[in-house]
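Chains as they are written, first to last, in the numbering used here: chain A, 5 to 587; chain B, 5 to 587; chain C, 61 to 348; chain D, 61 to 348. Read through the structure below, which is laid out as structure tokens, and then see the notes.
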Amino acid sequence: MPPIREFSEDIALVIGGEAGRGIQTVEQLLTIALKLSGYHIFATKEYMSRIRGGSNSTQIRIASRPVSAGLGRIDLLLPLDQKALERLRPGLRPESVILGDAEVLSGAEDLIHIPFGQLAEQAGERRAANTVAVGVLLGLVGQGLEPLLAALEQQFADLDRSVIDANLKAARSGFEAGRNLVGEGRLALCLQPTAAVANDLFLTGSEAVAYGAIAGGCNFVSSYPMSPATGALLVLARHARECGIVVEQAEDEIAASNMALGAWYAGARALVTTSGGGFDLMTESLSLAGMTETPLVIHLGQRPGPATGLPTRTEQGDLEMALYSGHGEYPRILLAPGSHEQAFALSRQAFDLADRFQVPVIVLTDQYLLDALTNLPALDLEPLPVTGYTIETGADYRRYAIAEDGISPRGIPGRGQGLVCVDSDEHDEDGHISEDLALRIRMVDKRLRKLVAMTEAALPPELDGHPHADTLVVTWGSTCQIVREALRRLHEHDLAMLHFPQIYPLPKQTGDLLARPRHLIVVENNATGQFAGLLQRHTGRRADHRILKYDGLPFTVEELTKTLRGLLDRYRPDPMECCDECD
Amino acid sequence: MPPIREFSEDIALVIGGEAGRGIQTVEQLLTIALKLSGYHIFATKEYMSRIRGGSNSTQIRIASRPVSAGLGRIDLLLPLDQKALERLRPGLRPESVILGDAEVLSGAEDLIHIPFGQLAEQAGERRAANTVAVGVLLGLVGQGLEPLLAALEQQFADLDRSVIDANLKAARSGFEAGRNLVGEGRLALCLQPTAAVANDLFLTGSEAVAYGAIAGGCNFVSSYPMSPATGALLVLARHARECGIVVEQAEDEIAASNMALGAWYAGARALVTTSGGGFDLMTESLSLAGMTETPLVIHLGQRPGPATGLPTRTEQGDLEMALYSGHGEYPRILLAPGSHEQAFALSRQAFDLADRFQVPVIVLTDQYLLDALTNLPALDLEPLPVTGYTIETGADYRRYAIAEDGISPRGIPGRGQGLVCVDSDEHDEDGHISEDLALRIRMVDKRLRKLVAMTEAALPPELDGHPHADTLVVTWGSTCQIVREALRRLHEHDLAMLHFPQIYPLPKQTGDLLARPRHLIVVENNATGQFAGLLQRHTGRRADHRILKYDGLPFTVEELTKTLRGLLDRYRPDPMECCDECD
Amino acid sequence: MNATDYDRPGVDMAWCPGCGNFAILKILKQALAELDIPPQRLVVASGIGQAPKTPHYFQTHLFNGLHGRALPVATGIKAANPELLVIAQGGDGDMYGEGGNHFLHTVRRNPDLTHLVHNNMVYGLTKGQASPTSLPGFVTPLQTEGVFQEPFNPLAAAIALNASFVARTFAGAFEESVAIFKQALTHPGYALVDIFQPCVTFNRVNTFQWFKEHSYFLGDNHNAEDRAQAFQRAIESDPWPLGIFYRNPARADYIGHLAPFDGDRRPLHSRRPNLEALARVLQGKRAL
Amino acid sequence: MNATDYDRPGVDMAWCPGCGNFAILKILKQALAELDIPPQRLVVASGIGQAPKTPHYFQTHLFNGLHGRALPVATGIKAANPELLVIAQGGDGDMYGEGGNHFLHTVRRNPDLTHLVHNNMVYGLTKGQASPTSLPGFVTPLQTEGVFQEPFNPLAAAIALNASFVARTFAGAFEESVAIFKQALTHPGYALVDIFQPCVTFNRVNTFQWFKEHSYFLGDNHNAEDRAQAFQRAIESDPWPLGIFYRNPARADYIGHLAPFDGDRRPLHSRRPNLEALARVLQGKRAL
Ligand SMILES: Cc1ncc(C[n+]2csc(CCOP(=O)(O)OP(=O)(O)O)c2C)c(N)n1
Ligand SMILES: Cc1ncc(C[n+]2csc(CCOP(=O)(O)OP(=O)(O)O)c2C)c(N)n1
Ligand code: SF4
Ligand code: SF4
Ligand SMILES: [Mg+2]
Ligand SMILES: [Mg+2]
């Protein structure tokens, strides 16, 4: 019998299994039951591009305090099959615990065996083995079983009553087995529930993006399915009726973005959601949005490229594409949320900015963030001034009247007496084709002039730590919370981080902020350091180190902690000053 | 009677008229006749996006020595209609001469009237007025009439004999009228013919690109028509039979680039030719080329964007798009010819580089260069090692065998016993889908590793002037010769220019070359200074001045001379040192 | 209204003298006038080419977008504001070449649009390459040995896709064309009108005279609700029939299937974001 | 050859157990074996989806490109080397959705390709959204109130485009399918085979059983050279006919119209660049 293992405060549970064999149900039941029991949750997924088979896993951080980043370590491993055990075992530490059914797992002597299958059979439903497993985990945690029973009722509502009952029974016997493990002193999970968490919101990144869009007044979405961006589309489709959203699955991405432009032109607030390959096909419309000054919001869920790449994995490899593609010269805005709250907030803000500046706004996320599930106390639903950017036209309306700030008042067909003419050719103030080359200059200048106001309105980077810290770690997008937690672990007062929710245009203060630190480190989930390149181009400041990762997986808190520690040690004038206690 | 006007050595003749009314025929007849008479020619066009009407013009530089850039000044104006006269008149200088038919032109007291219409009528063909005009110009130049007569015979070969004869007669009477002007001492064009020029090649930029492609082994072109890139396609179509080229007008640009990839995969050397909007649609295939490591050559003829923009004008606004679009991270090569010779050489080299490194190569030109017509003594037809980059496969062939330099031997289906499997997903060495994340890293590294050899092979920038000059002017693409001529006019020994035929990867020495001068000036035919941005990103060196132009027209030698002169004056420590004689 | 009410005085038209586009513009203005459509209610989405310049030449709202992309833009406009009368207008290359995929799927979707295709069997604006409808043997600077592909038959394709309204006319037949345009404009659903249009500059084969001599209007005995019969007539060539080939009144209405318009056809621009609904949705994300 | 000669032992197949793709792979291997096609002469160009993974699972050259783009890639391959036997393979979303425009124009071009479309009436790889061929009423996480668009009818469309070979079969009909595949593979020109394929995971409506019960093979009395008749049969639904609907032996050969292959079918890779010809061309640029 193995020694007692005790985990406290923040537990990393990993469930592994093949696609289509219930791993997703286990995750859903368990996370919701845990959250309803008052635990903070941060769950991330890692899966193959196939519908059935393969080997996927979910990491669920169960914690007594809010958590918002993925870990590298595994405290508890729940392999649903042999393949999962073998694939995930190399990641185990000596203190890790494997929980499983010895009947389906072999070669794991250190396994804490629980006869999932047998208990399920006893409950009257062989296929309820996974339900038993969920019960065991809840038993280990030690709060009530009720949340799980309620979740089961809901999840299986469409099934026969007898199946539901068997599952409830299975959950109960799993729960008891879990309690027994604790009672026998074989395993102890020492977590503090917080009552308020039960009432928290519980969202994936995709949901945060979609709800943010709705909050931003999105009432039109046209897209073509593509991982990992389809999630947000499905959320909008689910609430289309309730929230009043036109949902259109286009024949291709070209149609999707052109429909969205048509919709914006006619007064809707339209979104397209896609990934890199789909974005390529929209670059023509991006350029069209630039020339016609039609607002557009694109959600770009990144995944590893080039081409089809790794369709279900994560990467931040599309920044430069988002920034530079679409021919010709015209302003655009790039936002990149670093958390679920920010995904909501920026997705919402994207609509405001697009409408205000009449430019395309691109929200860059990635598979890691979109699929991550977490609890949050609340989201900001105070109404933004979502109207007021368009006008009721008079009979003498001119769509492209030369404006000092570059922003010509935008009319909408059917609202007012004016005719709203927009043109992809270079045009006159009325919106009609023109080859007046002096006018050309005025129009280019007008469009580019918006950059002044856009830069002024740019979301400021968020500093964490002392503004004069010696070493500054820069993040953009989904790496934010991972780095933040790593920094918390390093608790070095001469180390700060700067997160950029807005990638372009870069806020004015960027140059100053980057000029200060002696050491500049940029963290990116890609192979070439695209944001570091952008910073250098715009501020002249070259990153001293770039921490890059491009195997399709997100960074983990531990690996960043270690890499940063290594760099700090190199930066320290006298390495002897560094003591072990720092860690 | 106006005073005698004398022009020597280098004459700027401008012909203006509406589309579809013979201006093109005038230009063709005149340029070929002049070239056959031994004069150096550089002719550029400026035209509206319409088939008939509007107001277009052609500038023909007629010179005693080689010329390869457009001027701003007009020495001789030949307006074929009133609109042309009015539009072009503001560009005239006091010493300019207007030649025309007072019957169709009004309000031009300074006009040298020649009754084109009346002479044509006398020749028996009212519509031969333009032929008369060409005759007059040849008469002014004073060499023989034979080249024009021969050109007329050829140009009008399909017409009735009586029409041809009338035109020949018209040409003769025009010629006499021209000789008379000289004889009367009203006008003198003092040009020195060079016998050898008569036997020079006479090419547009489009032809240079197309012939370069053929020299590079191009035997497949699939494209969708788009100005200004259609020209090269038509040249290839014209010689398809003679040179053995598959020519396919695709249904759209997406099909065009995918066909080209299929063709390369199967062993052809394929080209696509397009402009910015079409390129947007190809970015998906660009990324595919990157992942599958299939060579691809794209000719990108730039025009002012965004969107439809100014379809028939010129700009260098697509550099960043060409460099960064197509999702994910993979190497590519960007070339940008600065002259007709270079258009031929780089277009040819593009095939070699694409095949050698198994990457997409983009050749950036623009409307100015593509439509410009000039004479050249010769082009380099020495065979390049156009084969040898692909192998005959063995049964154990692996398309993506990990290679030290990143370049896996490329096989072709049907050549050898091996199976050639290429995949847009991340793949194993065999070319089959893989989700092995450790392999992912090796494959990313393999692809990006090619950049080392690609950088080593990068075409060096071309320095004109002293390597330690105080001020360095940087050019890329078609501005090269214009700047070169401006520098020649400035003849400052502390001023040099550096032209980049290769934009990416930048050659290693770039940083050093840019670090030296005290003043760095970048000249670009766009609004945002894209190449200056690229240089800053890659070398850290910021341009002190960017000379930009974005009205749809190319720079002229005069305006660059003036702007550079102004900058040099500002740079000079003591402006008093500058004397007027310098100019 | 009068056709002249749509005039834009002083506009510089970029078409060649004698181009069939002038006739089509005249037909369109007449049909709109007879239907009393105020310019403020009319939006024309167009692509790039000679034909798509049309909306610049009369009084209308217009979205002159990219080559091939008028249909999805038009669909987006209609789906954002069903009160507008929406036309998608362009050339044969525009709509059947670059935009072919949108054609297929717009027909399947069946939004209430009028689709006007100026079919001159050539690429006009880019100076005379073959278009998908160019006839075999047509020689151009690009198709130097003549077109050999099967010409795209838009009518047969639309009928195969079960389009709800399929017609063809000839720019030279003013009266008949006005009548067909009016039917298309008032048809509830997607309506295709392919218009034979002479291009005097780049198509010296399919001239005004040629179209006139090689086409005729379907007689009264044609039953436009019989799909097989419509197909049979659509694949006829030389002479080419003109008229309304096919009509399917049973096709579902697109707008009615969009959640926000079920029982409420007000344009989206007149609606406020529904933050209460979102609050309810989010409330649901707190519990199970 | 034997079907097993195409096996790739030990390959990990990403399809769900019971998926119709297994049956199609088996049919394809059998047809290739009976026709004695060595893998070295065969190239499969495919897109992205579940169906386009097929060529990874047997011995063949393959170009597994992008979603929707198999047809132009296949055309490029064939036009670079007419000696290869080229298949374009993919799903219904791949070929009729994203790739719809290529479908239209490949049919017009008529290159000698076999076009295999695994039609499961759903987007498999992206987890169950509607495809262009999904039937009305089909409910998905995206089409939450059911599909309402007209389903895309690939056979009717291909016949409208005057395709040179148009067939449909069912993955569950092994013998008949092998025969149809063999005809398609040996047909000189573009040959479409649309294959009803059950998706056991995301299409619970159009199951194996459903396809079996709702389809039947055309009898001997069907005249595949009669275009109108073919169209009539192609628009029939429930039950859906299977078999070879249409064949047009008169369609022109694509390769024969490409200048380099006129009288010389050697692949382009075996040819040297023709610098002499270029020199002649350039010589011409010196004179008039
Ligand atoms: C993406 C893209 N590709 C190509 C072009 C160039 N282009 C402009 S119009 C046109 C074709 C014109 O032919 P058609 O659509 O038949 O219209 P027409 O001029 O004959 O009325 C082309 C190829 C473009 N503007 N955009
Ligand atoms: C440009 C682009 N858009 C979207 C996708 C995502 N995607 C991959 S497969 C697929 C559809 C799969 O359906 P289908 O073609 O019917 O094939 P199946 O999986 O059903 O065999 C989609 C939308 C993609 N890979 N590329
Ligand atoms: S080129 Fe043809 S289509 Fe275009 S305006 Fe002229 S005649 Fe009309
Ligand atoms: S999802 Fe459907 S099509 Fe894809 S492998 Fe599974 S059963 Fe086959
Ligand atoms: Mg046309
Ligand atoms: Mg499918």
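The beta-carbon is built from N, C-alpha and C at its ideal position, and this holds for glycine as well. Just so we're clear, the structure is a prediction, and the values are computed from it rather than from any experiment.
| query | result |
| --- | --- |
| Ligand 6 heavy atom lying under 6 angstroms from the CB of Gly78 of chain D | no |
| Contact with chain C by Glu210 of chain D, beta-carbon distance below 7 angstroms | yes |
| CB contact flag (Thr318 of chain B, Pro558 of chain B, <7 angstroms) | yes |
| Where the alpha helix (DSSP H) containing Gly187 of chain A begins and where it ends | 165-187 |
| heavy atom of ligand 6 below 6 angstroms from Ser227 of chain A C-beta | no |
| Short-range partners of chain A found in the segment 309-320 of chain B, where Cβ spacing is below 7 angstroms | Gly309, Pro310, Ala311, Thr312, Gly313, Leu314 |
| Contact test: Asn262 of chain A Cβ vs ligand 2 heavy atom, cutoff 6 angstroms | no |
| Assigned secondary structure, Ile118 of chain A (DSSP; H/G/I helix, E/B strand, else coil) | coil |
| Integer Cβ distance of Phe208 of chain D from Ala312 of chain C, believed to fall under 8 angstroms | 5 angstroms |
| Range covered by the alpha helix (DSSP H) that runs through Thr198 of chain B | Per DSSP, Thr198 of chain B belongs to no alpha helix (DSSP H) and is neither H nor E. |
| Pro115 of chain C: contacting residues in chain B (beta-carbon distance under 9 angstroms) | What Pro115 of chain C touches in chain B: nothing, since even the nearest Cβ is about 14 angstroms away. |
| Any non-hydrogen atom of ligand 3 closer than 6 angstroms to Cys259 of chain D Cβ | no |
| Cβ-heavy atom distance, Thr186 of chain C to ligand 1, below 6 angstroms | yes |
| Contact under 7 angstroms by Cβ, Glu396 of chain A with Arg419 of chain A | yes |
| For Gln158 of chain B, the first and last residue of its enclosing alpha helix (DSSP H) | 150-159 |
| Residue burial classification, Arg451 of chain B (beta-carbon count within 10 angstroms, cutoff 16) | buried |
| Segments assigned beta strand (DSSP E), at least 3 residues, entirely inside the segment 340-399 of chain A | 364-370, 377-380, 394-397 |
| Extent of the continuous beta strand (DSSP E) to which Ser275 of chain C belongs | 275-277 |
| Bridge partner(s) assigned by DSSP for Gln32 of chain B | Per DSSP, none; premise fails for Gln32 of chain B. |
| For Lys187 of chain D, the three-state DSSP class (helix, strand or coil) | coil |
| Three CB pairs or more closer than 8 angstroms across the segment 269-282 of chain A and the segment 168-185 of chain D | no |
| Burial state of Met98 of chain A, where buried means 16 or more other Cβ atoms lie within 10 Å | First, the amino acid is wrong: residue 98 of chain A is Pro here, not Met. Exposed. |
| Entirely enclosed alpha helix (DSSP H) segments - the segment 76-111 of chain D, minimum 4 residues | 80-94 |
| Option nearest Glu180 of chain B by Cα separation, candidates B:Leu524, B:Gln421, B:Val145, B:Gly220 | B:Val145 |
| Where Gln253 of chain B meets chain C, residues with beta-carbon distance less than 8 angstroms | Gln189, Ala190, Leu202, Gln203 |
| Buried or exposed (CB count within 10 angstroms, at least 16 for buried), Asp375 of chain A | buried |
| Unbroken alpha helix (DSSP H) run spanning Ile302 of chain B, endpoints | Looking at the DSSP string, Ile302 of chain B is not in any alpha helix (DSSP H); the run it does join, the beta strand (DSSP E), is 300-306. |
| Interface residues of the segment 276-309 of chain C facing chain D [CB-CB below 7 angstroms] | Arg287, Ala288, Phe291, Gln292, Ile295 |
| Cys79 of chain C burial status per 10 Å Cβ neighbour count (16 or more: buried) | buried |
| Where Ile551 of chain B meets chain A, residues with beta-carbon distance less than 7 angstroms | The premise fails here: Ile551 of chain B is roughly 15 angstroms from chain A at the closest Cβ pair, so nothing lies under 7 angstroms. |
| Close-in-space but distant-in-sequence residues of the same chain around Lys454 of chain A (CB under 8 angstroms, 5 per side omitted) | Pro335, Phe361, Gln362, Val363, Asp409, Gly410, Ile411 |
| Rounded straight-line distance, which links the Cα of Pro471 of chain A to that of Thr459 of chain A | 22 angstroms |
| Backbone secondary structure at Val406 of chain B - three-state DSSP | It should be noted that the sequence gives Ile, not Val, for residue 406 of chain B. In this structure, Ile406 of chain B counts as coil in the three-state DSSP scheme. |
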